[in-house]
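Peer 1: As they're listed, the protein sequences go chains A and B. Note that our numbering numbers the first sequence so that position 85 is 85, with each residue one more than the last. Count along the second sequence from 1, add 1000, and you get the number used in our numbering. We put the beta carbon where it would ideally sit given N, CA and C, even for glycine. Before I ask anything, here is the structure I am working with.
2 protein chains.
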Amino acid sequence: MSHTYEYPRPAVTVDCVVFGLDEEDLKVLLIQRGVEPYQGRWALPGGFVRMDESLEDAARRELEEEAGLRTSHLEQLYTFGAPDRDPRGRVITVAYFALVKLSQHHLQASTDAREAAWFSVWDTPKLAFDHADVLATALQRLKGKVRYQPIGFELLPPKFTLSQLQRLYETVLERELDKRNFRKKILAMDLLEELDEVEQDVSHRAARLYRFDHKKYKQLEKAGFNFEL
Amino acid sequence: MSHTYEYPRPAVTVDCVVFGLDEEDLKVLLIQRGVEPYQGRWALPGGFVRMDESLEDAARRELEEEAGLRTSHLEQLYTFGAPDRDPRGRVITVAYFALVKLSQHHLQASTDAREAAWFSVWDTPKLAFDHADVLATALQRLKGKVRYQPIGFELLPPKFTLSQLQRLYETVLERELDKRNFRKKILAMDLLEELDEVEQDVSHRAARLYRFDHKKYKQLEKAGFNFEL
DNA sequence: CCGGCACCGTGTCCTCTGGACACGATGCCG
DNA sequence: CGGCATCGTGTCCAGAGGACACGGTGCCGG
């Protein structure tokens, strides 16, 4: 290896901001730290990048190890590298952003005896390192992206009602939407498959279920179609 | 330092995609490599991150060192970390994205005897490492961002004509725009200061000069205004 | 001096989109 | 069988965006 590389090197980690949605709120997955620094504090799941794995592989591995979690949607968020962001020394972290269907991911005990739990994104405990910044950045990204890419569906069960979908947007965007206009617009896109099923076990009139048509979206996307709100 | 950190570490670099605009084309700044690997190939300016500087500071420093360049607009683009992207070993690079006013940056000889030059973004030589991917990512970002943030002005001289501005958008977006609609829309935003000056040394009727009003934009932005194409 | 050339600068019309807005239908429960 | 909660639907209006053409101005060359 060239002499060029014999400088001291920073350590490199990945951290994941995993969002999920339940009936009440938008949630983020946190892990309670078992060791110093910030022992006992809550933090984003993450860890060191191995020499032979890509950054995204590292993110997936950490999610699997720390929360027994697999996710369909995982994208790079931002890289945080302030020299003093870790008290142990120079650590640069590549943050990732993931969406999971909370309904299908009941957390399993983490393999390394750390506690994992979902918190409302509007009400998290004090976080370790600069993870509050990372979370804020991720929220901003989610808010921005959900409007012009159909990623919101990653947060819902495969079959969902239009009300659920609308609640999703209202929660993420932090504003109310008009039901009629919302339905008009989303149905006009012709990306939802109307199923011959209605929701079960509700104590009022049951709503029709829909399914997002990924194939159709891919096609339309190629043809220059743009999803928007 | 904790034992946790005694894993082997990747090297970390920053690379910069610097865009400039001249009368003909959108340009990108490249540096010819003086050492192996890829000796003689053109590459993005960049280099190793020092242990005591932030990522953005590293990017600015490299731009200064390799091209004598300062830039107003510098933002993080993406982090590239495929295990085999550098033949010398594991090197992760944090790519940055910069815009400069080409009219005011005649390149000075680089301090470390490497050659620096501007190339049309549509016609670059074969690049070192995965820098072609980095450039493609940057172009995509520029195309996306220019429409909803007033960053295009960073590519123009402080005083410019509406035709120059329109040509900028046409070049970046790779499509033609209608002159009357473009002027109507951009002037309606009320972000351009109309000057009592016209361009000089043209062999036809001279066009009026305008200046972008950064202050006004900041105010409007706070008030919830959204710049859009 | 005059014509040609190149670019500057301007307004109308039409379509479509987006937002405001209310009520009858359905199904469960007590 | 009445009450309650949610479902599901259509109209109207204003504003934005896109299509579209021509007279004005200034330089240059003959």
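#1: On the CB-based measure, 16 or more other CB atoms within 10 Å of its CB, does B:Asp1086 come out buried or exposed?
#2: Taking 9 Å as the cut-off, decide whether the C-beta atoms of A:Leu69 and A:Leu63 are in contact.
#3: Among B:Val1100, B:Glu1221 and B:Glu1170, which one has its Cα closest to the Cα of B:Val1017?
#4: Excluding the five sequence neighbours on either side, which residues of its own chain have a C-beta within less than 8 Å of the C-beta of A:Asp25, listed in chain order?
#5: Could you compute how far the alpha carbon of B:Val1065 sits from the alpha carbon of A:Phe153?
#6: Could you tell me the distance, in whole angstroms, from the CA atom of A:Gln32 to the CA atom of A:Thr137?
#7: Short of 6 Å in beta carbon distance, which residues of its chain neighbour B:Lys1159, apart from the five on each side in sequence? Order them along the chain.
#8: Between A:Ser163 and A:Lys179, is the Cβ-Cβ spacing less than 9 Å?
#9: Say whether chain A places a C-beta atom closer than 9 Å to the C-beta of B:Ala1082.
#10: Measuring alpha carbon to alpha carbon, tell me which of B:Phe1225, B:Lys1222, B:Ile1186 and B:Ala1116 ends up nearest B:Gly1040.
#11: Out of A:Gly144, A:Leu142, A:Pro150 and A:Asp130, point me to the one whose CA is closest to A:Pro37's CA.
#12: From the DSSP output, which residues share a beta bridge with A:Arg211?
#13: Check for me: the alpha helix (DSSP H) holding B:Ile1186 runs from which residue to which?
#14: Please list, in chain order, the chain B residues whose beta carbon lies closer than 7 Å to that of A:Tyr7.
#15: Rounded to the nearest angstrom, how far is the Cβ of A:Phe19 from that of A:Leu229, given a contact under 8 Å?
#16: Is B:Asp1015 helix, strand or coil when you go by DSSP?
#17: Less than 7 Å between C-beta atoms, sequence neighbours within five positions excluded: which residues of the same chain meet that for A:Val198?
#18: Can you confirm whether B:Ile1151, when its beta carbon is compared against all beta carbons of chain A, has any partner nearer than 9 Å?
#19: Got a sec, what are the start and stop residues for the alpha helix (DSSP H) A:Thr137 sits in?
#20: Going along the chain, which residues of its own chain have a beta-carbon closer than 8 Å to the beta-carbon of A:Asn226, five neighbours each way excluded?
#21: Going along the segment 41-66 of chain A in order, which residues come within less than 7 Å of chain B, judged by CB to CB distance?
#22: Rounded to a whole number of angstroms, what is the C-alpha to C-alpha distance between B:Asp1190 and B:Gln1140?
#23: Which residues mark the beginning and the end of the beta strand (DSSP E) in which B:Leu1029 is found?
#24: By DSSP's criteria, A:Trp122 is part of a beta bridge. Which residues make up the other side?
#25: Within 9 Å of any Cβ in chain B, is that where the Cβ of A:Val94 sits?
#26: Do B:Val1091 and B:Thr1013 have their C-beta atoms closer together than 9 Å?
#27: Inspect the beta-carbon positions of B:Ala1098 and A:Ser54 and report whether they are closer than 9 Å.
#28: Name, going along the chain, the residues of the segment 1005-1032 of chain B whose beta-carbon falls closer than 8 Å to a beta-carbon of chain A.
#29: Name, please, each residue of chain A whose Cβ falls closer than 7 Å to the Cβ of B:Arg1090.
Peer 2: With the structure as the only source:
#1: buried
#2: yes
#3: B:Val1100
#4: Ser120, Val121, Trp122 and Thr171
#5: A quick correction: the sequence has Glu, not Val, at residue 1065 of chain B. Cα-Cα distance, rounded: 47 Å.
#6: Going from the Cα of A:Gln32 to the Cα of A:Thr137 covers about 21 Å.
#7: Leu1209 and Arg1211
#8: yes
#9: Output row for B:Ala1082: interface = yes.
#10: B:Ala1116
#11: A:Asp130
#12: A:Lys159 and A:Glu193
#13: Lys1179 to Ala1188
#14: Within chain B, the residues Phe1048 have their CB atoms less than 7 Å from the CB of A:Tyr7, given in chain order.
#15: Going by Cβ atoms, the distance from A:Phe19 to A:Leu229 rounds to 18 Å, so no, they are not a contact pair.
#16: strand
#17: Ala206, Ala207, Arg208 and Leu209
#18: It does not; no Cβ of chain A falls within 9 Å.
#19: His131 to Tyr148
#20: Tyr148
#21: Phe48, Val49, Met51, Asp52, Glu53, Ser54 and Leu55
#22: 28 Å
#23: Leu1026 to Gln1032
#24: Answer is none; A:Trp122 lacks a bridge partner.
#25: yes
#26: yes
#27: no
#28: Tyr1005, Tyr1007, Pro1008, Arg1009, Pro1010, Ala1011 and Val1012
#29: Met51
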